[in-house]
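>
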Ligand code: UDP
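In the working numbering, the protein residues as written are 18 to 615.
1) Quick one: give me the first and last residue of the alpha helix (DSSP H) that residue 102 is part of.
2) Does the Cβ of residue 408 lie closer than 8 Å to at least one heavy atom of the ligand UDP?
3) Going by beta carbon distance, what residues of the same chain come within less than 6 Å of residue 28, once the five residues before and after it are set aside?
4) Measure the beta-carbon distance from residue 606 to residue 455 and round it to whole angstroms, keeping in mind my assumption that it falls under 8 Å.
5) Which residue wins for smallest C-alpha separation from residue 189, given the options 409, 234, 577, 39?
6) What are the residues that DSSP puts in a beta bridge with residue 506?
7) Near residue 268, which residues of its chain fall below 7 Å by C-beta distance, leaving aside the five closest residues on each side in sequence?
8) Here's a check: name, in chain order, each residue in its chain whose Cβ is nearer than 6 Å to the Cβ of residue 309, leaving out the five neighbours to either side.
9) Within 8 Å: the Cβ of residue 589 and any heavy atom of the ligand UDP?
10) Closest by CA to residue 402, which one among 552, 349, 191, 510?
11) To the nearest angstrom, how far is the alpha carbon of residue 175 from that of residue 237?
12) Would residue 489 and residue 536 qualify as a contact pair, given that the criterion is a beta-carbon distance under 9 Å?
13) Where does residue 432 fall in DSSP's three states?
14) Taking the CB atoms as reference points, tell me whether residue 428 and residue 479 lie closer together than 9 Å.
15) Nearest chain B C-beta to residue 609 closer than 9 Å, yes or no?
16) To the nearest angstrom, how far is it from the Cα of residue 560 to the Cα of residue 298?
17) Over what stretch of residues does the alpha helix (DSSP H) that includes residue 253 continue unbroken?
18) What span of residues does the alpha helix (DSSP H) with residue 359 cover, start to end?
19) Would you mind giving the Cβ-Cβ distance between residue 434 and residue 381, rounded to the nearest angstrom? I have them listed as a contact below 8 Å.
20) Which complete alpha helix (DSSP H) runs does the region 542-601 hold, if anything under 4 residues is left out?
21) Do residue 210 and residue 251 have their C-beta atoms closer together than 9 Å?
22) Are there any heavy atoms of the ligand UDP lying less than 8 Å away from the beta-carbon of residue 517, as far as the coordinates show?
23) Is residue 561 near the ligand UDP, judged by its Cβ being under 8 Å from some heavy atom?
24) Can we count residue 546 as close to the ligand UDP, meaning its CB is less than 8 Å from some heavy atom?
25) If contacts are defined as beta-carbon pairs under 8 Å, then residue 328 and residue 350 qualify, I think. What distance do you get, rounded to the angstrom?
26) Throw me the rounded Cβ distance for the residue 386 and residue 465 pair, which I believe falls under 8 Å.
27) Would you mind sorting residue 35 into buried or exposed? The rule is 16 or more other CB atoms within 10 Å of its CB.
28) Taking the C-alpha atoms as reference points, what is the distance between residue 288 and residue 320?
29) From 110, 109, 153, 166, pick the residue whose C-alpha is nearest to that of residue 135; which is it?
30) DSSP beta-bridge partners for residue 501?
31) Do you know offhand how far residue 293's Cα is from residue 303's?
32) Could you round the C-beta distance between residue 191 and residue 86 to whole angstroms and report it? I think they count as a contact, below 8 Å.
33) Closest by CA to residue 439, which one among 413, 525, 170?
34) Over what stretch of residues does the beta strand (DSSP E) that includes residue 207 continue unbroken?
35) Note down the Cα distance separating residue 562 from residue 481, rounded to an integer number of angstroms.
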């Protein structure tokens, strides 16, 4: 698979070998996996160490790594050396699984393996300082530097053990990055060997992930750790490794100080805050304590690592850029990555129950309710008979409330404000507000009409182009048995006709008035006329009549669920595209506010 004279990779042979290696690596843990799971289920007793599971997972990892590589790539020295080092790691790890080696013994054995690796030629003779093209000879420092590097990488992988099911996914992502970096632009002569090793490791890790071991033991961790360390050294991928292994090292190894902690977790009310001087904990422990489930925490680390891998590859690809430009790219990429990490951690954490009914979302008082709660409030408003105003607040409305004083006062004075859209729910969560469900204008209108049919409430439809309100009324009457629509009127009347429209509504005396003029026009209009209208409930519902009447198609369910309704509407109606500018603004406003609330 490698040309002996030039050291270059032979594409077809290598592809075949790597494919086969991947297959064996993938299948081996899968064959052992079910047995492990069964053993784990049977032997799952509290306090009992699942030794059998650890040993089996370690064995399967070592077989998956060694067999394809030694059978097909054994003639390449770098490859056989790396495999040997990984196997040594696996064996020591297995001894630890079985006997529980004391910490000192583990360290001595790890150092011994690193020494063997260096003697086998897995060493760095020179280093390239980050972001430069100049090489520095290490001379007599080569041995300790190489050993330290190998141990650091192996340790980073072993750290992943702290979160169940983290290792295999992380190693798969990282190995793929190493393989890509080595194969595409690897600077050293043995880069192709590193590429082949990396791809095989992807197979090993993907296999372990697929086999879904309840827990990988020391053996699998040590084997994978030393294998990865060897790959980085053979392929001269130290800068790449530095970036992509940052996640396990920082997140799982370094106790988080109060400051970082406070920035990430202190924002928002109702979250536990860490008082100065309290015990420090690791990032993943903190994530889980503040409401993230362990699988979500693992997913977050996968995403963070995948992102860093992409950044590392991008940096490898843009070799020709100056040092400063690279540093700039890195700084921007890391800031964006941190912001997204922070937001995802907040969005995914389980909201804590809070007593407050209304929560301040950038000046908009969001109600802490789901659809059922919103319907109950509407019932209450109808029973009270006095005029009430309901606002469904989407992302543009939240931004608008920041800039438009009049609009903000109207929204603040509303009797109920719901989160209309996934974006609002997400950003509320980033602020630490326990909003769980979106209640959009259209969904609320449909649910209210169903309830109105059951409870004999009457409704009035005001807004949209001529003919649309009537058509929407017909659709609603057919969908909601018992619904009484006491009036429908388009929304393109002149200022002279306005009083007549208000009077018509008041005389029809509906229980609920739906106003579809689009925001902020509908909210301003409702506020201005609420007293004269004398309706118990007035709600602005934007373009809902158009959708009900079939003039505008609603996004498919999966897009609604994924929070992509805005994208669908923007694509169908390109005139709405400029409105999307509010989304980055909302994210920015939310991040600033989250930090400010600290
Ligand atoms: N509309 C209206 N009178 C006006 C302006 C607009 O009745 O003077 C209607 C328009 O026909 C459309 C709705 O208001 O049915 C606005 O829908 P859009 O989707 O733009 O509102 P959004 O849901 O974005 O607030």
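Virtual Cβ for every residue (Gly too), placed ideally from N, Cα, C.
Reading from the atomic positions:
1) First-last of the alpha helix (DSSP H) with residue 102: 94-116.
2) No, the Cβ of residue 408 stays beyond 8 Å of every heavy atom of the ligand UDP.
3) Taken in chain order, the list of residues that qualify is empty.
4) 19 Å between Cβ atoms; not a contact.
5) 39
6) 479
7) 300, 301, 318
8) Cβ-Cβ distances below 6 Å link residue 309 to 365, 366 in the same chain, with the five nearest sequence neighbours on each side left out; the list follows chain order.
9) Not under cutoff, so the answer is no.
10) 552
11) 9 Å
12) no
13) coil
14) no
15) The structure shown has no chain B; it contains just one protein chain.
16) 49 Å
17) Following the DSSP letters along the chain, one finds residue 253 in no alpha helix (DSSP H), marked with neither H nor E.
18) 340-365
19) 6 Å
20) 561-565, 574-578, 582-589
21) yes
22) The answer is no for residue 517.
23) yes
24) Incorrect: residue 546 has no Cβ contact closer than 8 Å to the ligand UDP.
25) 4 Å
26) Incorrect: roughly 14 Å between the Cβ atoms, too far for contact.
27) By the 10 Å Cβ count, residue 35 comes out buried.
28) Low local confidence applies: a pLDDT of 48 at residue 288 is under 50, so the model's placement there is unreliable, and no value is given.
29) 166
30) Under DSSP, the beta-bridge partners assigned to residue 501 are 475.
31) Below a pLDDT of 50, predicted positions are generally treated as unreliable, and residue 293, at 42, falls in that range; the measurement from the model is reported next regardless. For residue 293 and residue 303, the distance between alpha carbons rounds to 15 Å.
32) That belief does not hold up - the Cβ atoms of residue 191 and residue 86 are roughly 18 Å apart, past 8 Å.
33) 413
34) According to the DSSP assignment, residue 207 belongs to no beta strand (DSSP E), since it is labelled neither H nor E.
35) 7 Å
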